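>
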Amino acid sequence: MDAAPPLVELRGITKRFGGVLACSDVNLTVRAGEVHALLGENGAGKSTLMRVLSGDVTDHSGEIRVRGEPVAFRKPLDAQRAGIAMIQQELDLVPALSVAENLHLGREPRTARGTVDRRRMNARTRELLRHIGVDLDPRRQVGLLRIGEQQLVTVARALALRARVLIMDEPTSALSGTEVDRLFSVISELRGAGTGVVYISHRMDEIGEVADRATVLRNGGVAAEFDARSVTAEQAAAAMVGEEVDTTSARRHRPPGEELLSVSGLGLRSGGCDDGRREPAGIDLSVRGGEVVGLCGLLGSGRTELLEALFGSGPSARWYGQVRLNGRAYCPRSPGEALRAGVAFVPEDRRGSGLTPEHSVTANTVLSVLPRLGPLGLVSRRRERSVARRSSRRLGIKLGSIADPVGTLSGGNQQKVVFGRMLLTEPRLLLLDDPTRGVDIAAKAELYRLLDEVAEQGIGVLLASSELAELVGVCSRIVVLRGGASVAEFDASRTTQAELLTAAMGSDPDQRDSPTTSVGGGR
């Protein structure tokens with residue numbers, strides 16, 4: 001008897017976007033009960049290839065076969081009907097709708113009268129969420145959820161489609177350790193049920209734990225194939241970039257400058273700024289010029305809320321306690337006020353908070369400095385383009401043209417656009433919230449070098465990160481948050497990831513919350 005054909009087979013897939021070759025003669029197979037990892041630098045063609053497989057990109061050459069039969073997808077719904085579902089790296093939920101409505105969008109159960117059966121829809125949603133260990137109210141509005149919770153909703157939505165092939169693009173990028181554990185359990189169950197999984201990730205410890213095979217893309221083509229359980233980070237990185245790559249982050253020791261930021265007893269509440277009220281102790285920290293201070297904490301620790309408060313954005317822009325910037329009381333009521341004070345912010349949700357995907361690279365790059373580009377608000381388009389080109393070259397952004405929509409760039413290059421935009425404001429203090437989330441190994445190294453360059457210029461950096469290794473490798477000091485308060489501070493050159501995790505959890509590191517070197521993304 002012949003062996004069963006692969007669940008999915010891609011043959012000679014080639015795709016161009018204008019003059020940019022995104023995929024070049026790519027072959028890929030996914031078999032039943034297999035987790036196939038897909039690796040590559042940002043811009044290597046991973047996302048484009050998966051958009052072809054999921055029916056989002058239809059104008060390409062090459063062939064797609066599903067269970068041995070050739071197919072032609074004209075839209076994503078065609079791929080879904082063929083049993084292929086994709087969990088996007090950038091969340092594609094509808095913020096104004098409930099969890100249940102997002103899970104059943106376009107497939108709502110109906111009553112005998114033809115109206116939406118909300119009771120049945122909510123019950124189905126609870127069952128799906130329970131299956132992946134998530135306790136959320138199906139009626140809760142998705143836009144009010146944390147990013148980590150939204151990511152799990154997208155996983156549940158894909159499972160609701162009963163997909164035979166599930167594409168996961170950086171699915172753990174915003175998850176806490178417990179959530180990662182549960183996701184891996186779900187993947188194991190899917191593998192046992194014969195589902196094929198394409199798993200895109202830049203975390204090599206995840207690849208070794210969850211995947212069976214790994215394919216590396218470089219410059220749009222297949223560069224290498226590995227046994228995922230035996231490949232090392234160095235081997236994968238070398239295949240991704242075509243040369244040896246130092247996967248460690250370098251921290252240069254430099255004497256810190258004067259104190260830029262001082263935070264004392266900071267806590268968040270729904271009222272306005274007020275340093276006179278007596279409240280429970282909150283966050284204490286300081287940042288000096290030329291210093292990179294890390295923020296470590298599990299999901300819900302208050303990392304994101306702190307950065308948003310310091311930037312005057314969102315509901316967290318109201319606090320009690322004392323904050324001083326350059327020796328003066330500081331309480332920004334808007335991002336504009338923060339920028340004028342010399343504070344810049346790169347958010348964790350670059351598409352939700354940092355970019356307008358349909359606008360050009362130029363428009364997104366210069367958004368924060370438009371008043372400087374022309375007198376009396378009359379913006380010089382020539383100066384806009386010149387500034388955008390310089391920023392793109394400085395940050396090594398890979399693109400076809402600065403006129404291209406920023407949404408067509410890879411995730412890492414989009415992050416560089418946001419980073420470049422903030423640097424154009426010439427900040428004294430730079431706030432970074434998980435800046436390397438979803439960024440490949442080589443791009444991380446580039447961002448680390450840029451961060452070192454920024455600190456060398458005397459700019460103070462407050463870096464929140466889910467990656468313990470990143471905090472230890474990049475920062476000079478690390479402040480640990482738990483439950484909205486600072487609970488410990490470490491000299492990064494003398495601490496370990498286990499010590500950070502112990503402080504973040506408030507428990508023994510042997511009872512660690514995470515199978516990876518991550519402490520949980522998001523808030």
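Residue numbers for the sequence shown follow full-length UniProt numbering, beginning at 1 and rising by one.
Glycine included, every Cβ here is placed at the ideal spot set by N, Cα and C.
Here the structure is a predicted model, which is why all the values come from computation and not from measurement.
Pop quiz: LEU432 and VAL346 are said to be a contact at Cβ under 8 angstroms. What is the actual Cβ separation, rounded to whole angstroms?
Sure, about 5 angstroms apart at Cβ, within 8 angstroms.
> THR195 to GLU108, Cα distance in whole Å?
24 angstroms
> When burial is assigned at 16 or more other CB atoms within 10 Å of the CB, is ARG277 buried or exposed?
For ARG277, the predicted model reports a pLDDT of 45, less than 50, meaning its position is unreliable and no value from the coordinates is stated.
> Per DSSP, what kind of secondary structure is GLY294 in: helix, strand or coil?
strand
> Rounded to a whole number of angstroms, what is the C-alpha to C-alpha distance between LEU367 and GLY192?
Distance between the alpha carbons of LEU367 and GLY192 is about 49 angstroms.
> Would you call the region 73 to 84 and the region 116 to 129 in contact, with 3 or more CB pairs under 8 angstroms?
no
> What span of residues does the beta strand (DSSP E) with ASN219 cover, start to end?
That residue, ASN219, is in no beta strand (DSSP E); it is neither H nor E in DSSP.
> Do you know how far the Cα of ARG381 is from the Cα of GLU179?
46 angstroms
> Please confirm whether LEU7 and ALA37 have their CB atoms less than 7 angstroms apart.
no
> Looking at GLU258: is its Cβ nearer than 7 angstroms to the Cβ of GLY289?
With contacts defined by Cβ atoms closer than 7 angstroms, GLU258 and GLY289 form a contacting pair.
> Can you list, in chain order, the residues of its chain whose CB lies under 8 angstroms from that of ALA156, leaving out five sequence neighbours each side?
LEU103, THR125, LEU128, LEU129, HIS131, ILE132 and VAL134
> Have a look at residue 535 and PRO427 and give me their C-alpha separation to the nearest angstrom.
With the chain represented from 1 up to 523, any question about residue 535 goes unanswered, as that position is not in the structure.
> My output table needs one value for ALA85: the three-state DSSP class, helix, strand or coil.
strand
> In terms of DSSP beta bridges, what is residue 563 paired with?
Look at the range of the chain in this structure, 1 to 523, and you will see that residue 563 is not part of it.
> Could you check the C-alpha separation between GLY484 and GLY177 for me, to the nearest Å?
So the two alpha carbons sit approximately 18 angstroms from each other.
> Quick one: measure Cβ to Cβ for VAL479 and THR495, integer angstroms, because I've assumed they're closer than 8 angstroms.
Contact flag wrong, Cβ pair sits at about 12 angstroms.
> Check VAL153 in the structure and name its three-state DSSP category.
helix
> Roughly how many whole angstroms lie between the Cα atoms of CYS296 and ALA163?
36 angstroms
> Quick one: measure Cβ to Cβ for VAL387 and THR365, integer angstroms, because I've assumed they're closer than 8 angstroms.
About 7 angstroms separates the CB atoms of VAL387 and THR365; that is less than 8 angstroms, so the two are in contact.
> Thinking just about the alpha-carbon of each residue, which of MET50, ALA4 and GLU41 is nearest to the one in THR14?
MET50
> So, for GLN88: in the same chain, excluding its five sequence neighbours on each side, which residues have a beta-carbon less than 8 angstroms away from its beta-carbon?
The residues are THR154 and ASP169.
> Checking 7 angstroms against the spacing of the C-beta atoms, do ALA211 and VAL35 come in under that value?
yes
> To which residues of the same chain is GLU63 closer than 7 angstroms at the C-beta, ignoring the five residues directly before and after it?
So the list reads ARG11, GLY12 and PRO70, once near-sequence residues are dropped.
> Measure from the alpha carbon of LEU285 to the alpha carbon of each residue in ALA233, GLY460, GLY83 and VAL26, then state which is nearest.
GLY460
> Can you tell me which of the three DSSP states GLN235 falls into?
helix
> Using three-state DSSP, classify SER360 as helix, strand or coil.
strand
> The alpha helix (DSSP H) that contains PHE73, what's its start and end?
Counting along the chain, PHE73 falls outside any alpha helix (DSSP H), and DSSP gives it neither H nor E.
> If we require 4 or more residues per run, which alpha helix (DSSP H) segments fall completely within the region 175 to 209?
With a minimum length of 4 residues, the continuous alpha helix (DSSP H) runs that stay inside the region 175 to 209 are 177 to 192.
> Over what stretch of residues does the alpha helix (DSSP H) that includes GLY62 continue unbroken?
Run containing GLY62: none in the alpha helix (DSSP H); it sits in the beta strand (DSSP E), 61 to 66.
> Roughly how many angstroms separate the alpha carbons of ALA498 and LEU161, rounded to a whole number?
39 angstroms
> Hey, ILE402 and ARG389: beta-carbon distance below 7 angstroms or not?
It is a contact, given that the beta carbons lie within the stated cut-off.
> Between the Cα of MET121 and the Cα atoms of VAL231, GLY458 and ALA100, which residue gives the shortest distance?
ALA100
> Rounded to whole angstroms, what's the CA-CA distance from ALA504 to GLU90? Just pull it up for me.
27 angstroms
> Alpha carbon to alpha carbon, how far is LEU152 from LEU468? Give it in angstroms, no decimals.
22 angstroms
> Are the beta-carbon atoms of ALA445 and GLU41 separated by less than 7 angstroms?
no
> Residue range of the alpha helix (DSSP H) that LEU450 falls in?
Its alpha helix (DSSP H) spans residues 441 to 456.
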